[in-house]
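J.: One structure coming up, written as structure tokens, with questions to follow.
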Amino acid sequence: MLKIAKERLNDLYAKINESMGLFIPIKKAGEVNYHVWGEGKEVSLETLKTVKSPKNMFFPQSENMMKFKTEGKNIEIIDVRDEKRPFVLFGVKPCDYKAIEVLDKVFLADPVDSYYQSRREATTIVTLACSKPEESCFCKVFGIDATAAYGDVTTWLDDENLYWQANTEKGEALTALLKGLLEEGGEAEVAAQQEATKAIIDNLPFSNLDLSRFKPENLNELFDDPAWAEMSEACLGCGTCTFVCPTCQCFDIRDFKTSEGVIRYRCWDSCMYSDFTLMAHGNSRTTQMQRFRQRFMHKLVYYPSQNDGLYSCVGCGRCVNKCPQRLNIVKVIKTLGGKNND
Amino acid sequence: MKDVELKMLERAKELLASGEVARVVGWKKGDFCYDPSPAVFKTVEELENGFVYDYFCGANLSKYLIDVSKKEGKTAVFLKPCDTYSFNQLVKEHRIKRENVYVIAVECMAKLDIEKIKAKGVSFVTGVEVVEKDVKVSSLYGETTLYKPEIVLEKCAVCNKTHQVKDEEIILHERPVRDVNRFAEVEKLEAMTEDERFAFWKEQLSKCIRCNACRNVCPACSCIKCVFDNPNSGIAAKANDSEFEEKMFHIIRAYHVAGRCTDCGECSRVCPQNIPLHLLNRKFIKDMDGLYGEYQAGESSEGKTPLTSYTEEDKEPNDVFNGEAK
Amino acid sequence: MQRIGVFICWCGSNIAATVDVEKVAEVIKSEPGVVYSANYQYMCSENGQQLIKQAIKEHNLTGVVVGACSPRMHEATFRKAAEEAGLNPYMVEIANIREHCSWIHKDMDEATEKAVILVRTAIAKVKLNAPLTAGESPVVKRALVIGGGIAGIQAALDIADAGFEVDIVEKNATIGGRMAQLDKTFPTLDCSACILTPKMVDCAQHEKIDILSYSEVEDVKGFVGNFSVKIRRKARFVDETKCTGCKICMEKCPSKKGLNEFNMNLNTRPAIYIPFAQAIPNVAVIDPTQCIKMKTGKCGICQKFCGVGAIDYEQKDTFIERQYGAIVVATGFKPIALDNFNEYGYADNKDVITSLELERLMNAAGPTNGVLLRPSDGEHPKVVTFIQCVGSRDTSGCGKPYCSKICCMYTAKHAMMIREKYPDTEVHVFYIDVRTPGKNYDEFYRRAVEQYGVDYIKGMVGKVYNENGKLMVQGSNLIDNEQITIESDLVVLATAIEPEPSVRKVATLLTASIDTNNFLTESHAKLRPVESPTAGVYLAGVCQGPKDIPETVSQASACAAKVIGLLVKDKLKTNPCVASPDENMCNGCSQCANVCAYGAITYIDKEFRLGGGKTEIRRVASVNPAVCQGCGACTVTCPSGAMDLKGFSSKQIMSEVEAICKM
Amino acid sequence: MQDVTTEKKEFTPNIVAFCCNWCSYAGADLAGSSRLTYPANVKIIRVPCSCRVNPMFILKAYQQGADGVILCGCHPGDCHYVTGNYYTRRRMATLFSFLNYMGIEKERTRVEWVSAAEGARFSAVMNDFVKTITELGENKRLSDLRVKEGE
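Residue numbers (my numbering), protein chains in the order written: chain A, 224 to 565; chain B, 1250 to 1575; chain C, 421 to 1083; chain D, 495 to 645.
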């Protein structure tokens, strides 16, 4: 285990930034989100939940896919992918890291999404274990240990130091780059913090949600459950939950007219929107209840049934905090999940 | 507040039990003390199991009535002072069937903003107790007392609204009428230079994730299909692909509700990135007040808005910068 | 797939001299959707139109763009050509490369580049055009003439003679207007009343004409072919159906101090009066401000003496509402007030008069029975000085910027008449220019100078002042380059004329445009001079611009021809470029109706299918296409964009914006 | 067209003028028939009435590369559609003030009333507007970088 004093973190960032890009939680206009680091930016590793998750790094909210250059009646197709610069994604919480694994199963499965893949491959992920979980956290429900080592490098933060442990080759390479800045030590501090944090997690109000009913064999029963109507009644149909969610992966592909032709880009879409999956005949889901159900059935039933039981919720709790009307997956799990939730 | 809640619950049960109304729109308990949700109660049992009215019931229930008032039978709804303006405006725009709604005016006393409490460093809030301007906040990590004006929702901080609609009222405590200037923040921005204002909005709007929460919660944004969702509008978009798009969305959104926005403050309450969206709407309100005489949308369920009326002496667009507007 | 044809006009050298038309046509050829691109010397010519028609057929065009002059000029021409070739006329767009390009730019490259952009913009629009079909609306076969002067009379007679019902609404108690006040008319010097009054009688006797005297238009609704007009019949306190015009009431009326408006207030009349001997209708009217009975309750003499019991002091204004297919505005003029012209001493000196006052003084039926006497002392004036352009051609802001057009001729007339009747009287005329275009006009003026010895002095008058009972007219003589002062007995001011002020209200009611001088605007200064831009509204006489009697009569007859042309039709085609809501998106919020100036929008409850077998009844906007004028105010008010304007849809305009911004 | 524009000149603003059919468009026609010049970078879009101009059109123009947008209609009181321009006046007054509140230069957008008889005024207004925008410089605050990509 290695460590670096908190006061010296800026040197660490600067060092990384010399040869790679650094994507890290930064406070801007009062809110903390992942941004590209630069000298003078206000890094906030202490922030437990960035508003947007780090999925932005690999799957940006909006991304150009190709251009069509038109000249008279001719159309030329231009590939806009450039060589991806190596990046370090720094400060990723365990839940968000597990969310990237959920996304990998979608974007890296055949057919591979090369836009996602090129970014993913060029990035070294440095996770930051949790020490101050909040009441909205429930990663434990999905088998995530918020204190454990994930990613290429795992770090732990306390009042004095950031502790550093490389887990993969990529992580070793990054560590080698920083060797002048890191010093040995910290095993005891990390172990103590892990123990304390686990104790908090065990007592979090949502740590013992019962997921037992969310199984492929219960699909029809869950789908037809009358509780959906009531649960979704207050849903505004906005996309907040999907846009702050670290595992939501839906996008729309659109064209934008430029002076030269057309840019084809993709951007996040939300299954909560009334025009989601709009087709020529109309929309497959016409009511907000159906859209609401779709989202949670996907997280808790459809996705796991296709991915060996892996839920596509990681319990980050962003939707718990950010839903304008305080509807969220926890309420759904509590209502439909199993007897223990009663 | 507890006494009001009990009175409301009692009344709601009465109305449902007697069959006077088919449903009651109110708030339902959440998992914590601070996260009640809007809810439609159809039975006395449902009310008993979850009805709540407390310092976190900030949501404006009036927009739900667009759909609910179309249903069979009458609907009772609890409306805070600010909510009644939205209600009136929706009645004016023929979006709510007034005859199907029974409005119970309820006192407000200003609602708390959990994000502001958290920002004070208090996490894991388990309960609040309000005594005058002190809020005793209990949390897993202990108890603290916070100054109420600092932790109320933005809309409540500058509120001096009164009930515009009521079929009956449940008001046990009178809220003192206050002298507040809701345009103070707008004036601050106006006093800045063009460049400063540009920088301010650029930074604020760069946070926008285009989740549409502001739009979807807005009682004035009640269009069946929003122009931003309509591929034929020429401005449809789903993401802020450029700085222009960020501005476009918020300019058009504010413009479309200009003269109709009651300043209910829901847009700012729901913004996940805490963009002060109310400052956009309030600019329109302030300008229209200054240029065309004071007008409060939702004060009446009849009449024209400043942008659907005119006088022959109106100020020229090129001159607004020298006049009352700025 | 769109198949657009583009036609670039040279307009002789008007476009081709500045825009490389061949290059434009060539560049445009490669625009997506363009299958044919040509250029030609005169697209609007028969051959040019033929070119378009041929191309439409040969290339199976779905849209046509003509790069030519302003669409205000030839849009209709090209639409018609397209229609004749089987293409919907609304699939034609015009790129204005003449007025907006070749005529204002000098650099060929620049103008050519702009022309390409303008044509591309028109292509962008036409690609989104939809075929439109004009609707039909029925025509009410009755016309309204507002104003009963010579213009209104002539128009009414011509329309009625063609067999259509006409109502004349006249705000005064009699028709006749200004012409009835005139003594003689130029250039023939025949008596005005002698030629006017027979026409007035014709009107009264015409079975198709209904004269609504002492009436005003109160409200106008509807549109071309179907106007609904509310008319206020002002209380005249005399039953029109009973009064025989015997005038006994006038003799007996004890209140005789009312100013005689017909005589330009130069004498008085009774409180109950008939404006002049040949008034039509020949019916008395009571002036309630002068009537003793109405002021004090005591009197009632006229009632006592009226043999037919026509007097009714209790009479109230009444309203009638009638339908018309067309409306002629002939509201006439008045001389301007002279408040801004103190230098002529009009207010201070009784013997400084206006020309219209002189008309009355010279008229046999006037206050002096046609003997020219000074108003101040009733003496014959020995020296009369005329001052021209009083308030006309005035750029100082005190008067009117325009030429009143009639003054030169009537002043020559007055001068001549005075010299004829009173050869011992000296007559001087101060003028800036003498303008006498017109048949026999200049000859007339020359007669005044050469035959009658009228002293024309080129120069302006600086001041008129009273000195020992004489009017001193101080002015310049520009020919001799000297300042002169003429000692005069009478000074006559050729006062500028302006539209009758009530025309503003009429214009507002009719939604007809009006210019800064309150003259009603014609549809086209040269080619549509009698039509107002508001369909179904026509303009006759001075309400449209200064003119003399023959011109007024011509315009009135022209109006009548237009009205007849309209009324013979059973149905009218309506403008298809009207607003129309997408009911699926309409919220029924009523914002649009709030801004509609025509009341074209109403709301209906309509059933919509929701899917799953469910339906919903929703309130949605509904536009009456016959009433909608297509301004688009509603489209911007509509937050959802459900309301759109055919022919100028949001999508079309957005597309034009995109194309026009492309450098 | 390339050969015409290849030479990078000094900043010439791209200006869009929305003109109502009855007054301002006719005024522009009159400017044309009177040969009263104004720069070629002013390009006119014909609308039936100034009240047809949706703020979205103005924003769209900026997005698409306009450096200045001017809206012309009949003089208040003279609207062919009676009241159209009165609504325009309120809409644009509030919009302009709002845009400026967001930091957009207030000179960039303008409303002018030009009658069909005011050809000279049309030309003068356009010359003046072009001058103003040229001095103000390129529209950066309301432009869309995507549009100009590749230029």
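Backbone N, C-alpha and C fix where the C-beta goes; we use that ideal spot for every residue, glycine too.
1) Does Val608 of chain D have its Cβ less than 9 Å from a Cβ in chain B?
2) Which chain B residues sit within Cβ distance under 7 Å of Val1015 of chain C?
3) With a cut-off of 9 Å, does the C-beta of Ile1500 of chain B fall near any C-beta of chain D?
4) Could you tell me how far apart the beta carbons of Ala932 of chain C and Val748 of chain C are, in whole angstroms, since I believe they sit closer than 8 Å?
5) Can you tell me the Cα-Cα spacing of Asn621 of chain D and Gly567 of chain D, whole angstroms?
6) Quick check on Ala560 of chain D - is its C-beta less than 9 Å from some C-beta in chain B?
7) Determine the burial state of Val1352 of chain B: buried for a count of at least 16 other Cβ atoms within 10 Å of its Cβ, exposed for fewer.
8) Near Ile556 of chain A, which residues of its chain fall below 6 Å by C-beta distance, leaving aside the five closest residues on each side in sequence?
9) Can the beta-carbon of Ala563 of chain C be found less than 9 Å from the beta-carbon of Leu929 of chain C?
10) Taking C-alpha atoms, which residue in A:Val537, A:Asn551, A:Thr558 and A:Leu550 lies nearest to Ile367 of chain A?
11) Determine the direct distance from the alpha carbon of Val303 of chain A to that of Met288 of chain A, and round the result to whole angstroms.
12) In chain D, which residues lie less than 8 Å from Lys1456 of chain B when you measure between Cβ atoms?
13) Going by DSSP, which residues form a beta bridge with Arg1272 of chain B?
14) Helix, strand or coil, according to DSSP, for Met880 of chain C in the structure here?
15) Under 7 Å, CB to CB, which of the residues in the region 478 to 495 of chain A have a partner in chain C?
16) Which residue's Cα is closest to the Cα of Lys718 of chain C: C:Pro674, C:Ala582 and C:Tyr693?
17) So, does the CB of Gly1008 of chain C fall closer than 9 Å to a CB anywhere in chain B?
18) Taking the alpha carbon of Ala832 of chain C as the point to measure from, which residue in C:Glu779, C:Thr788 and C:Pro801 has its own alpha carbon closest?
19) Could you tell me whether any Cβ in chain D is nearer than 9 Å to the Cβ of Ile1366 of chain B?
20) Quick check on this structure: which residue in D:Glu632, D:Thr626, D:Phe616 and D:Ser637 has the alpha carbon closest to the alpha carbon of Ala520 of chain D?
21) Start and end of the beta strand (DSSP E) containing Cys429 of chain C?
22) Just how far apart, CA to CA, sit Gly597 of chain D and Ile1458 of chain B?
23) Would you verify that the beta carbon of Gln1011 of chain C is, or is not, closer than 9 Å to some beta carbon of chain B?
24) Residues in the same chain with beta-carbon distance under 6 Å from Cys997 of chain C, minus the five sequence neighbours each way, listed in chain order, please.
25) Here's a check: name, in chain order, each residue in its chain whose Cβ is nearer than 8 Å to the Cβ of Thr856 of chain C, leaving out the five neighbours to either side.
26) Listed from N- to C-terminal order along the chain, which residues in the region 1328 to 1353 of chain B have their beta-carbon within a distance smaller than 7 Å of any beta-carbon of chain C?
27) Three-state secondary structure (DSSP) at Met199 of chain A?
28) Step through the CB atoms of chain D and report whether any lies within less than 9 Å of the CB of Leu1529 of chain B.
29) Going along the region 625 to 640 of chain D in order, which residues come within less than 9 Å of chain B, judged by CB to CB distance?
30) Any idea what DSSP makes of Gly985 of chain C, helix, strand or coil?
31) For Tyr764 of chain C, count neighbouring Cβ atoms within 10 angstroms of its own Cβ and tell me buried if that reaches 16, exposed if not.
32) Is it buried or exposed for Gly583 of chain C, if we count other Cβ within 10 angstroms and need 16 for buried?
33) Starting from Ile1080 of chain C, follow the alpha helix (DSSP H) in both directions and report where the run begins and ends.
34) Is the separation between the beta-carbon of Ser591 of chain D and that of Phe1432 of chain B shorter than 9 Å?
35) At 8 Å on the CB atoms, spell out the chain D contacts of Met1537 of chain B, in chain order.
36) For Arg231 of chain A, which of helix, strand or coil comes out of DSSP?
T.: In brief:
1) One-based indexing of the fourth sequence puts residue 608 of chain D at position 114. So no, Val608 of chain D is outside the interface.
2) Stepping through the third sequence from its first residue, residue 1015 of chain C is reached at position 595. Under the 7 Å cutoff, chain B gives Thr1557.
3) Mapped onto the second sequence, residue 1500 of chain B falls at position 251. So yes, Ile1500 of chain B belongs to the interface.
4) Within the third sequence, residue 932 of chain C is the residue found at index 512, counting from 1. Within the third sequence, residue 748 of chain C is the residue found at index 328, counting from 1. With 8 Å as the limit, Ala932 of chain C and Val748 of chain C do not qualify as a contact, their Cβ atoms being about 12 Å apart.
5) By one-based count along the fourth sequence, residue 621 of chain D stands at place 127. By one-based count along the fourth sequence, residue 567 of chain D stands at place 73. So the two alpha carbons sit approximately 17 Å from each other.
6) Here residue 560 of chain D refers to the residue found at position 66 when the fourth sequence is read from its first residue. It does not: the Cβ of Ala560 of chain D has no partner Cβ on chain B nearer than 9 Å.
7) Locating residue 1352 of chain B in the second sequence gives position 103, where the first residue counts as 1. It counts as buried.
8) For the purposes of this step, residue 556 of chain A is identified with residue 333 of the first sequence, where counting begins at 1. Correct list, in chain order: Leu432.
9) Taking the first residue of the third sequence as 1, we reach residue 563 of chain C at position 143. Taking the first residue of the third sequence as 1, we reach residue 929 of chain C at position 509. Taking 9 Å as the Cβ cut-off, Ala563 of chain C and Leu929 of chain C do not qualify as a contacting pair.
10) In the first sequence, residue 367 of chain A corresponds to position 144, counting from 1. The candidate whose alpha carbon is nearest that of Ile367 of chain A is A:Val537.
11) Against the first sequence, residue 288 of chain A aligns to sequence position 65. Against the first sequence, residue 303 of chain A aligns to sequence position 80. The straight-line gap from Cα to Cα measures roughly 6 Å.
12) Walking along the second sequence from the start, residue 1456 of chain B turns up at place 207. Simply none; closest approach about 15 Å.
13) Looking up residue 1272 of chain B in the second sequence gives position 23. Its beta-bridge partners are B:Thr1324.
14) As a working note, residue 880 of chain C is residue 460 in the third sequence. Coil, per DSSP.
15) Lys480 and Ser482
16) Here residue 718 of chain C refers to the residue found at position 298 when the third sequence is read from its first residue. Minimum Cα distance to Lys718 of chain C is reached at C:Pro674.
17) Within the third sequence, numbered from 1, the residue matching residue 1008 of chain C stands at position 588. True, the Cβ-Cβ gap to chain B drops below 9 Å.
18) Counting from 1 along the third sequence, the entry for residue 832 of chain C is found at position 412. Comparing Cα-Cα distances from Ala832 of chain C to each of C:Glu779, C:Thr788 and C:Pro801, the minimum goes to C:Glu779.
19) The residue labelled residue 1366 of chain B in the question sits at position 117 within the second sequence. Closer than 9 Å: no.
20) One-based indexing of the fourth sequence puts residue 520 of chain D at position 26. Of D:Glu632, D:Thr626, D:Phe616 and D:Ser637, the residue nearest in Cα terms is D:Phe616.
21) For the purposes of this step, residue 429 of chain C is taken as residue 9 along the third sequence, with counting starting at 1. Ile424 to Cys429 is the span of the beta strand (DSSP E), which, as asked, contains Cys429 of chain C.
22) Walking along the fourth sequence from the start, residue 597 of chain D turns up at place 103. Walking along the second sequence from the start, residue 1458 of chain B turns up at place 209. One C-alpha to the other measures close to 21 Å.
23) Working through the third sequence from its first residue, we reach residue 1011 of chain C at position 591. Chain B, which has a Cβ nearer than 9 Å to the Cβ of Gln1011 of chain C, makes this yes.
24) The residue you call residue 997 of chain C lines up with position 577 of the third sequence. These residues qualify, in order along the chain: Gly1050, Lys1066 and Gly1067.
25) Your numbering for residue 856 of chain C matches position 436 in the third sequence. The answer, listed in chain order, is Cys828, Met829, Ala832, Asp862, Phe864 and Tyr865.
26) Glu1342, His1343 and Arg1344
27) Here chain A has residues from 224 to 565 only, and residue 199 of chain A is not among them.
28) Here the question's residue 1529 of chain B lines up with position 280 in the second sequence. It does: the Cβ of Leu1529 of chain B has a partner Cβ on chain D nearer than 9 Å.
29) Arg635, Leu636, Ser637, Asp638, Leu639 and Arg640
30) Stepping through the third sequence from its first residue, residue 985 of chain C is reached at position 565. Gly985 of chain C falls in the helix class under three-state DSSP.
31) Indexing the third sequence from 1 puts residue 764 of chain C at position 344. Per the 10 Å Cβ criterion, buried.
32) Residue mapping note: residue 583 of chain C aligns to position 163 of the third sequence, counting from 1. So Gly583 of chain C ends up on the exposed side.
33) By 1-based counting over the third sequence, the position of residue 1080 of chain C is 660. Element bounds for Ile1080 of chain C: Ser1070 to Cys1081.
34) Counting from one through the fourth sequence, the residue named residue 591 of chain D turns up at place 97. Counting from one through the second sequence, the residue named residue 1432 of chain B turns up at place 183. Their beta carbons are not under 9 Å apart, which means Ser591 of chain D does not touch Phe1432 of chain B by this criterion.
35) Counting from one through the second sequence, the residue named residue 1537 of chain B turns up at place 288. Within chain D, the residues near Met1537 of chain B are Thr588.
36) Counting from one through the first sequence, the residue named residue 231 of chain A turns up at place 8. Assignment of Arg231 of chain A by DSSP, reduced to helix, strand and coil, places it in the helix class.
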